[in-house]
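Residue numbers (my numbering): 62 to 687. Let me begin by presenting the structure, written as structure tokens, before commenting on it.
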């Protein structure tokens with residue numbers, strides 16, 4: 062969210078150091094009011110909530126171009142604010158979610174519960190949503206305590222802080238009132254955590270308006286989406302009584318890829334949530350999504366898998382709306398391949414395992430690009446009447462699947478091949494019946510869809526690879542330590558993070574799915590103070606002469622670098638250093654002028670002190686076959 066202002070926030074505003082997540086609500090004839098988090102680094106506790114009002118009350122402009130930010134905060138967390146077993150974590154006070162009910166305004170603020178010794182946090186109890194009430198948006202707002210919290214020791218999944226708490230009523234069948242609510246949260250941790258920005262958890266329960274407490278029907282948090290890309294929930298109740306949740310779909314790309322493409326993440330398809338007759342959660346895309354359907358590409362009824370595939374042979378696309386009802390019968394697995402190339406080298410599988418009763422996505426072959434994140438994700442789903450009911454929304458890299466109206470799975474796929482647009486069904490371990498299968502072209506929600514990104518050009522196939530170019534052996538086989546102690550077998554790791562920050566984003570390929578890479582920081586051999594030189598075997602440069610590799614670590618082009626060196630005279634033909642971060646970036650050298658020359662790759666660490674290390678992975682050299 063950006064600040065509700067046509068210009069950057071001023072120093073005397075509510076958010077001189079930035080404005081971010083919050084929520085909006087329609088205040089009758091006054092129109093929308095917007096609550097947001099304001100950042101002010103001058104304060105001891107830099108986060109507080111603010112309010113902006115639109116000019117709708119006077120100009121009736123539904124485009125809402127003009128907003129006025131109130132100069133005073135709506136709520137802020139003073140030191141020692143009591144919350145459950147401790148006090149509110151005042152340094153983490155953000156993401157207001159606001160609604161009005163029976164003349165009372167309610168505000169949830171994401172935070173955590175901690176113990177303090179002076180200004181130092183001595184214990185973290187878990188995440189929470191703090192509740193405030195008022196008679197009008199401007200306040201005054203009264204603190205009512207924590208809505209609910211998780212016991213971090215007993216259930217660590219919801220994290221140390223709850224971000225973006227959302228509380229919505231759950232309508233039942235035909236929209237009737239049930240008296241139940243859903244509480245959704247995004248977990249956050251102070252230090253790096255491998256589960257960060259991957260999950261959204263929920264509880265179903267009862268909201269006690271008098272006490273401002275949420276009483277869950279189940280203590281364990283439940284995963285809202287199986288794909289590990291659905292984050293940042295928010296929501297609202299529509300005029301016709303539906304509870305709608307919208308989200309941020311993570312793109313799982315590196316900072317380099319963000320910079321090169323010009324975008325990062327995007328909104329997911331809004332979903333309707335409800336309470337089913339069996340008291341479990343119902344999740345489906347909003348009904349308005351069907352309005353994006355274009356030309357029908359397939360209509361299949363009562364067919365075998367073989368017959369269905371015959372009729373799908375001419376169906377393709379990267380913007381599709383798919384509905385399927387399949388009876389597994391005696392098949393143990395049912396799979397729908399999307400974004401599939403003709404030869405199957407790229408494909409993404411949505412599958413159901415009847416033995417494990419598990420619905421999952423398999424992205425291990427979704428892309429030939431080694432820099433794309435891959436993996437298998439899923440969760441438990443029960444068949445309904447012996448049938449698998451599937452809705453799939455495919456929008457370029459976005460893949461959103463909904464199964465049996467009970468669960469969603471949101472993910473990303475980034476094929477490299479232009480022909481990776483096919484569909485294919487498979488049934489394993491037996492035969493299955495396709496009750497119905499419909500495919501529509503999906504239209505753009507905003508005018509005409511933009512063109513897809515350019516696909517990668519094919520690489521040479523009549524060449525060999527540099528031996529152990531991706532360190533898949535788990536050691537330095539194929540490489541020689543020329544000098545020093547900083548490079549050894551201990552440097553080859555499958556770690557996905559460096560302990561205190563974000564992910565490495567090392568290469569992941571079908572041949573090395575665990576992602577081995579060379580981390581130049583070796584704490585057992587002197588850490589940043591150690592130096593050394595590592596060298597590949599000498600080869601003849603062939604193919605198109607284009608060499609690419611992943612590199613990260615310290616930024617010192619004279620003392621820290623990975624280089625392509627001509628063997629005859631030891632001339633450095635090209636080299637790259639890190640950028641003061643552990644996250645890899647892809648570097649490409651066009652050495653076509655040197656095709657036919659004998660070369661080797663050298664990794665050099667002559668630096669000591671902070672950031673005195675270099676990291677390397679996936680060194681791709683087109684090697685001429687001798």
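The beta carbon of each residue, even a glycine, is placed where N, CA and C say it ideally should be.
- For residue 108, no alpha helix (DSSP H) segment is defined; the enclosing uninterrupted segment is the beta strand (DSSP E) at 108-115.
- By the neighbour-count criterion, in which a residue is buried when 16 or more other Cβ atoms sit within 10 angstroms of its Cβ, residue 507 is exposed.
- Per the C-alpha coordinates, the member of 183, 154, 529, 341 positioned closest to residue 224 is 154.
- The residue among 646, 239, 250 with its C-alpha nearest the C-alpha of residue 219 is 250.
- Sequence-distant Cβ neighbours of residue 466 in its own chain, meaning closer than 6 Å and more than five residues away, are 343, 345.
- According to DSSP, residue pairing for residue 461 in a beta bridge involves 454, 471.
- Relative to residue 254, the option among 577, 635, 563, 584 whose CA is nearest is 563.
- Ranked by how close their Cα comes to the Cα of residue 87, the residues 113, 81, 260 have 113 in first place.
- Around the CB of residue 362, fewer than 16 other CB atoms lie within 10 Å, so the residue is classed as exposed.
- Minimum Cα-Cα distance from residue 575 among the listed residues 243, 327, 431 corresponds to 431.
- Ranked by Cα distance from residue 593, the options 481, 644, 436, 668 are led by 668.
- 115 is the residue among 134, 109, 115 whose C-alpha sits nearest the C-alpha of residue 125.
- In this structure, residue 275 lies near residue 208, with their beta-carbon atoms less than 7 Å apart.
- C-alpha of residue 640 to C-alpha of residue 567: approximately 15 Å in a straight line.
- Residue 663 and residue 587 have their alpha carbons spaced roughly 21 Å apart.
- Sequence-distant partners of residue 316 (beyond 5 residues in either direction) whose C-beta falls short of 7 Å from its own C-beta, in its chain, are 644.
- Residue 336 is positioned such that its CB atom lies no closer than 7 Å to that of residue 270.
- At the C-beta level, residue 608 and residue 582 stay beyond 7 Å of one another.
- Taken in chain order, the unbroken stretches of beta strand (DSSP E) that lie wholly in the segment 596-668 and span 3 residues or more are 607-614, 621-627, 633-637, 642-651, 659-666.
- In the assembly as shown, residue 573 is a buried residue. Its beta-carbon has 16 or more other beta-carbons within 10 Å.
- Residue environment for residue 647: buried (at least 16 other C-beta atoms within 10 angstroms of its C-beta).
- Counting the other CB atoms within 10 Å of its CB gives residue 183 a total below 16, which places it among the exposed residues.
- By the Cβ rule, the segment 519-528 does not count as touching the segment 380-394, because fewer than three pairs are nearer than 8 Å.
- Rounded to whole angstroms, the gap between the alpha carbons of residue 210 and residue 267 is 14 Å.
- In this structure, 676 is the residue among 292, 676, 505 with its C-alpha nearest to the C-alpha of residue 532.
- Rounded to the nearest angstrom, the Cβ distance from residue 286 to residue 470 is 6 Å, consistent with a contact under 8 Å.
- Taking the Cα positions, residue 419 is about 48 Å away from residue 546.
- Under DSSP, residue 273 takes part in no beta bridge, so it has no partner.
- In summary, residue 180 is exposed, with fewer than 16 beta-carbon neighbours lying within 10 Å of its beta-carbon over all protein chains present.
- Listed as beta-bridge partners of residue 263 by DSSP are 245, 283.
- Contact check for residue 82 against residue 159 fails: the beta carbons are separated by 7 Å or more.
- Annotation: residue 190 is outside any alpha helix (DSSP H); the continuous beta strand (DSSP E) that includes it extends over 181-195.
- The beta carbon of residue 393 is closer than 8 Å to those of 414, 415, 416, 489, 490, 491 in its chain, skipping five residues each way along the sequence.
- For a cut-off of 8 Å, the C-beta gap from residue 462 to residue 451 is around 7 Å, short enough to register as a contact.
- In the DSSP annotation of this structure, the continuous segment of the beta strand (DSSP E) that includes residue 209 starts and ends at 203-210.
- Residue nearest to residue 256 within the set 329, 227, 525, 221 is 221 (criterion: CA-CA distance).
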